[in-house]
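What the sequence shown shows, in our numbering, is residues -10 to 247, in sequence order.
Think of the CB as a built atom: it goes at the ideal place given N, C-alpha and C, for glycine as much as any other residue.
From a predicted model like this one, the values you see are computed outputs, not experimental measurements.
Everything on this sheet refers to the single structure shown next.
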Amino acid sequence: MSLLVQREVKSKYKDSALGLLWSLLRPLTQLVIYYVVIGQFLGAARSIPQFAIFVFAGLTAWTLFSESVSSATHSIVGNSGLIKKIYIPREVFPLAAVGASLFNFLVQLGILIVATIALGQFPVSSNLLLLPLGFLLLLTFGLAIGLFFAAVNVYMRDLQHLVEVLLIILFWASPVVYSFKFVTAALGGGILEQIYLANPISLGVMAFQKSLWAAGADEVWPENLELRIVIALIVSVGLLWISQRVFAKLEGNFAQEL
């Protein structure tokens, strides 16, 4: 398994002059764009203190989920040559893809923590306990979705393009670059807000923001956020079990379909 993770990481940066620096370029570019366009041009930075830390915390959480799903979806088709030559448990390919995504996530998280320390904004409170909860939620939910898509993508290759569209929708349906107070102000705490909060990605993103964004101590957060995250994590574990059963049912014809 570790060899496959190393192979996934190295393949991303093979023959690249900058190598692992590319793992930082995309999130940092996103940070600059969202900070300038949404924070400065649209004025969000005036109502959200330490907007750069807020956005980077959200992007770190989002990248963990989106890269896990995207890389896992392509993992079986991308390793078709190896799958047709030898037999190893097929699940290791989505798992290795998610493992490679974890590497990028840890690099990005490290930069975020260093930034909070450099700005004198490192959070020292019980909210830090939300960080591992949010991490487990996004990782489990992302693996559940990615494992299911990896199997179905072998039979329906258009799915990988649908996943790209779905990730765009989910990005804007989660409070990555806007604060939850804008959501509750627009939806007024009704049934639509509860539907919004049923999204595990939103809960995971807010877990990262509340734990690492010290300036957001007085911001508006959903009621019982911790309980909502625990419930979503339990549901995600159930979804992961279902995805694994679907994967096991479909993997028998992978070699023929590839």
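Going straight from the alpha carbon of residue i to that of residue j, what length do you get?
i: residue 137; j: residue 59; result: 12 Å
i: residue 64; j: residue 89; result: 11 Å
i: residue 205; j: residue 38; result: 7 Å
i: residue 181; j: residue 239; result: 36 Å
i: residue 71; j: residue 83; result: 14 Å
i: residue 212; j: residue 116; result: 14 Å
i: residue 91; j: residue 214; result: 24 Å
i: residue 167; j: residue 44; result: 8 Å
i: residue 228; j: residue 183; result: 20 Å
i: residue 179; j: residue 113; result: 33 Å
i: residue 26; j: residue 19; result: 10 Å
i: residue 86; j: residue 121; result: 21 Å
i: residue 188; j: residue 73; result: 37 Å
i: residue 173; j: residue 196; result: 17 Å
i: residue 49; j: residue 111; result: 16 Å
i: residue 21; j: residue 40; result: 11 Å
i: residue 210; j: residue 232; result: 31 Å
i: residue 93; j: residue 154; result: 22 Å
i: residue 30; j: residue 23; result: 10 Å
i: residue 35; j: residue 14; result: 26 Å
i: residue 42; j: residue 104; result: 8 Å
i: residue 216; j: residue 76; result: 42 Å
i: residue 118; j: residue 219; result: 12 Å
i: residue 135; j: residue 54; result: 9 Å
i: residue 28; j: residue 102; result: 21 Å
i: residue 170; j: residue 208; result: 7 Å
i: residue 141; j: residue 198; result: 33 Å
i: residue 163; j: residue 79; result: 32 Å
i: residue 236; j: residue 62; result: 12 Å
So what's residue i in DSSP terms, helix, strand or just coil?
i: residue 145; result: coil
i: residue 68; result: coil
i: residue 34; result: helix
i: residue 224; result: helix
i: residue 240; result: helix
i: residue 16; result: helix
i: residue 6; result: In this predicted model, residue 6 has a pLDDT of only 49, less than 50, meaning its place in the structure is not dependable; the value taken from the coordinates is given anyway. DSSP places residue 6 in coil when its eight states are reduced to three.
i: residue 56; result: helix
i: residue 76; result: coil
i: residue 152; result: helix
i: residue 46; result: helix
i: residue 23; result: helix
i: residue 245; result: helix
i: residue 29; result: helix
i: residue 166; result: coil
My understanding is that residue i touches residue j, with C-beta atoms under 8 Å, so please give their C-beta distance in whole angstroms.
i: residue 225; j: residue 126; result: 6 Å
i: residue 270; j: residue 200; result: Residue 270 is absent from the structure shown; the chain starts at -10 and stops at 247.
i: residue 96; j: residue 243; result: With 8 Å as the limit, residue 96 and residue 243 do not qualify as a contact, their Cβ atoms being about 32 Å apart.
i: residue 185; j: residue 176; result: 7 Å
i: residue 202; j: residue 33; result: With a Cβ gap of about 14 Å, residue 202 and residue 33 do not count as contacting.
Check whether the Cβ of residue i sits closer than 7 Å to any heavy atom of the ligand MN, and report yes or no.
i: residue 81; result: Absence of the ligand MN is noted for the structure shown, with no ligands found whatsoever.
Whole alpha helix (DSSP H) elements within the region 82 to 141, 4-residue minimum: Runs found: none.
Run through the region 177 to 236 for me and flag every whole alpha helix (DSSP H) of 4 or more residues, listed as ranges in chain order. DSSP assignment within the region 177 to 236 yields the following whole alpha helix (DSSP H) runs of 4 residues or more, N-terminal first: 180 to 186 and 189 to 201.
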